[in-house]
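See structure below.
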Amino acid sequence: MNPLRPLILAAAGSPRMKRAVTATPVTAAVVRRFVAGETRTELGPVVRALLASGRSVSVDFLGEYTTERSMADAAVAEYISLIDQLAELDRAVPVTAGGSTTSPPGPAGAPASARADDAVPRVEVSVKLSALGQSIAVDGPAIAAENLHKLCAKAVESRVWVTVDAEDHTTTGDTLHAVRQARAEFPWLAVAMQTYLRTAEDDCRDAVTSGTRVRLCKGAYQEPETVAYQRRAEVDSSYLRCLDVLLRGGWYPMVASHDPAMIEAALALSAEHRRSPGDFEFQMLYGIRDAEQRRLVEDGHALRVYIPYGTQWYGYLMRRLAERPANIGFFLRALTERG
5 MNPLRPLILA AAGSPRMKRA VTATPVTAAV VRRFVAGETR TELGPVVRAL LASGRSVSVD
65 FLGEYTTERS MADAAVAEYI SLIDQLAELD RAVPVTAGGS TTSPPGPAGA PASARADDAV
125 PRVEVSVKLS ALGQSIAVDG PAIAAENLHK LCAKAVESRV WVTVDAEDHT TTGDTLHAVR
185 QARAEFPWLA VAMQTYLRTA EDDCRDAVTS GTRVRLCKGA YQEPETVAYQ RRAEVDSSYL
245 RCLDVLLRGG WYPMVASHDP AMIEAALALS AEHRRSPGDF EFQMLYGIRD AEQRRLVEDG
305 HALRVYIPYG TQWYGYLMRR LAERPANIGF FLRALTERG
């Protein structure tokens with residue numbers, strides 16, 4: 005793993021470091037690399053361009069660890085407006101070659117109501133339950149679950165899907181419980197799973213059994229050794245095991261990785277398990293490996309770009325720097341060029 009990862013992730017939780025980083029003029033240039041603006045007005049052209057290029061999108065309104073009901077309500081209101089905007093953009097931008105939505109048949113265990121949908125939407129929102137109130141001291145998990153239901157109800161009207169993001173391990177149990185509850189009414193709802201957690205493989209097997217869509221990623225938070233693998237080889241091995249579980253029997257797996265080895269493994273396993281290109285998708289982050297994103301689309305694979313926007317970008321930026329040494333290099337080059 006990146007040897008600077010623990011230090012950077014510690015900085016992500018430091019108010020003092022946040023003030024220092026956000027006050028640096030060069031930071032704005034770096035943020036633009038990974039974040040599609042602070043408002044929906046700035047977000048719109050980014051989404052339009054990606055849809056026109058044959059890619060799908062999953063949009064995240066940045067914010068987490070909300071501790072007041074008013075803040076959670078504001079996040080819900082923003083997501084409802086975002087869903088309207090994405091639905092409008094989806095209607096406005098023609099589907100291009102390589103970017104058509106497909107009909108994932110799903111395994112026998114997938115809900116019939118989910119399989120009956122005619123296509124996978126090009127537009128999706130990603131949401132952290134801590135942004136919806138999960139961290140509120142009194143009844144936080146219940147408030148977040150209620151708000152998730154509101155977003156799913158709005159999304160289903162607008163032909164937009166929802167994926168619940170993974171956060172640190174202390175939230176995993178409440179998050180999976182909320183997703184299970186919501187899927188009783190919205191079986192297309194997806195959840196992200198992080199393979200650095202020691203429970204990931206069992207959680208993926210449970211998802212296959214229930215027919216839950218899974219976004220598979222390595223993980224981006226600082227976690228103790230008791231709950232998470234610490235060595236890169238262990239995380240990679242866990243990713244490959246989970247990938248095999250999902251591609252063997254999961255309903256429309258979402259392979260979220262920029263790692264060439266994981267991408268090649270996904271292609272090999274999908275062929276082994278006789279998955280068509282439209283029966284799973286790759287996912288990558290906005291601003292990272294754009295050429296590889298385009299290559300996969302040109303080769304006929306479904307690819308979705310995770311696009312964050314909003315003013316609360318600091319924690320997101322720090323996690324991106326922690327994930328890949330190349331991102332740190334980009335940041336340092338920007339500082340040097342400005343200096």
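FYI, the numbering for the sequence shown is 5 to 343, going by my numbering. Note that CB positions come from ideal geometry on N, CA and C, so glycine has one too.
Taking the straight line between their C-alpha atoms, what separation do you get for Ser214 and Glu189? As a working note, residue 214 is residue 210 in the sequence shown. As a working note, residue 189 is residue 185 in the sequence shown. Ser214 and Glu189: Cα-Cα distance of roughly 14 Å.
Can you check DSSP and say which residues form a bridge with Pro286? Residue numbering aside, residue 286 sits at position 282 when the sequence shown is read from its first letter. In the sequence under discussion, the amino acid at residue 286 is Phe, which differs from the Pro named in the question. Answer by DSSP bridge pairing, in chain order: Val259, Leu307.
Please return the same chain residues whose Cβ sits closer than 8 Å to the Cβ of Val309, not counting the five positions on each side in sequence. Counting from one through the sequence shown, the residue named residue 309 turns up at place 305. Here the set comprises Leu54, Arg59, Ser60, Val61, Ser62, Gln287, Met288, Leu289, Tyr290, Gln297.
From this set, Thr176, Ala194, Glu150, which residue's C-alpha is nearest Val2's C-alpha? Given that the chain is displayed from residue 5 to residue 343, the structure contains no residue 2 and the question cannot be resolved.
I'd like to confirm the pairing. Which residues does DSSP put opposite Pro312 in its beta bridges? In the sequence shown, the residue the question calls residue 312 occupies position 308. According to DSSP, which records beta bridges pairwise, Pro312 is partnered with Asp64.
Does Glu42 come out as helix, strand or coil in the three-state DSSP assignment? If you number the sequence shown from 1, residue 42 lands on position 38. Three-state result, Glu42: coil.
Can you look up Arg217 in the DSSP assignment and give me helix, strand or coil? What you label residue 217 is simply residue 213 of the sequence shown in a count that begins at 1. It is a strand residue.
Who are the Cβ neighbours of Lys158 in its own chain at under 6 Å, not counting the five residues just before and after it? Within the sequence shown, residue 158 is the residue found at index 154, counting from 1. These residues qualify, in order along the chain: Ile84, Ile87.
What's the call for Pro98, buried or exposed, on a 16-neighbour Cβ count within 10 Å? For this step, residue 98 is matched to residue 94 along the sequence shown. The residue in question, Pro98, is exposed, as its Cβ has fewer than 16 Cβ neighbours within 10 Å.
Measure the alpha-carbon distance for Gly41 versus Ala33 and round it to whole angstroms. Against the sequence shown, residue 41 aligns to sequence position 37. Against the sequence shown, residue 33 aligns to sequence position 29. Rounded to whole angstroms, Gly41 and Ala33 show a C-alpha spacing of 11 Å.
Rounded to whole angstroms, what's the CA-CA distance from Thr315 to Arg252? Just pull it up for me. Taking the first residue of the sequence shown as position 1, residue 315 is located at position 311. Taking the first residue of the sequence shown as position 1, residue 252 is located at position 248. One C-alpha to the other measures close to 40 Å.
Please report how far the alpha carbon of Glu68 lies from the alpha carbon of Leu133, in whole angstroms. Start at 1 with the first residue of the sequence shown, and residue 68 comes out as number 64. Start at 1 with the first residue of the sequence shown, and residue 133 comes out as number 129. Between Glu68 and Leu133, the C-alpha separation is close to 8 Å.
First through last residue of the alpha helix (DSSP H) which encompasses Glu296: For the purposes of this step, residue 296 is taken as residue 292 along the sequence shown, with counting starting at 1. Its alpha helix (DSSP H) spans residues 294–302.
Could you tell me the distance, in whole angstroms, from the CA atom of Thr70 to the CA atom of Leu220? Looking up residue 70 in the sequence shown gives position 66. Looking up residue 220 in the sequence shown gives position 216. Our two residues, Thr70 and Leu220, have alpha carbons roughly 25 Å apart in a direct line.
For Ser280, which of helix, strand or coil comes out of DSSP? For the purposes of this step, residue 280 is taken as residue 276 along the sequence shown, with counting starting at 1. If DSSP states are grouped into helix, strand and coil, Ser280 belongs with coil.
Considering only C-alpha positions, which residue in the set Glu128, Gln185, Glu150, Val249 is nearest to Thr167? Position 163 of the sequence shown holds residue 167. In terms of Cα proximity to Thr167, the closest of Glu128, Gln185, Glu150, Val249 is Glu128.
What residue ranges within the stretch 114–189 form continuous beta strand (DSSP E) runs of no fewer than 3 residues, ordered along the chain? Segments of the beta strand (DSSP E) lying fully in the stretch 114–189: 127–131, 165–168.
Roughly how many whole angstroms lie between the Cα atoms of Ala171 and Arg323? In the sequence shown, the residue the question calls residue 171 occupies position 167. In the sequence shown, the residue the question calls residue 323 occupies position 319. At residue 171 the sequence reads Glu, which differs from the Ala that was named. So the two alpha carbons sit approximately 12 Å from each other.
Using only the heavy atoms of the ligand MG, determine whether one of them is closer than 7 Å to the beta carbon of Phe190. For the ligand MG, the structure offers nothing, since it holds no ligand at all.
For Gln89, which of helix, strand or coil comes out of DSSP? Here residue 89 corresponds to residue number 85 of the sequence shown, with the count starting at 1. Residue state, collapsed to three classes: helix.
Spatial neighbours of Ala96 within its chain, please: CB distance less than 8 Å, with the 5 preceding and 5 following residues excluded, ordered by chain position. Within the sequence shown, the letter at position 92 stands for residue 96. The residues are Arg52.
Identified DSSP bridge partners for Gln198: To locate residue 198, count along the sequence shown from 1; it is residue 194. Paired residue(s): Cys221.
With Leu250 as the anchor, note down where its alpha helix (DSSP H) starts and where it stops. As a working mapping, residue 250 is identified with position 246 in the sequence shown. Where Leu250 is concerned, the enclosing alpha helix (DSSP H) stretches over 236–253.
By how many angstroms is the C-alpha of Glu268 removed from the C-alpha of Trp317? As a working note, residue 317 is residue 313 in the sequence shown. As a working note, residue 268 is residue 264 in the sequence shown. Each residue's alpha carbon lies about 31 Å from the other.
Below 6 Å CB to CB, which residues in the same chain sit around Thr100 once its five sequence neighbours on both sides are set aside? Position 96 of the sequence shown, counted from the first residue, corresponds to residue 100. Within the same chain, Thr100 has close Cβ partners Gly58.
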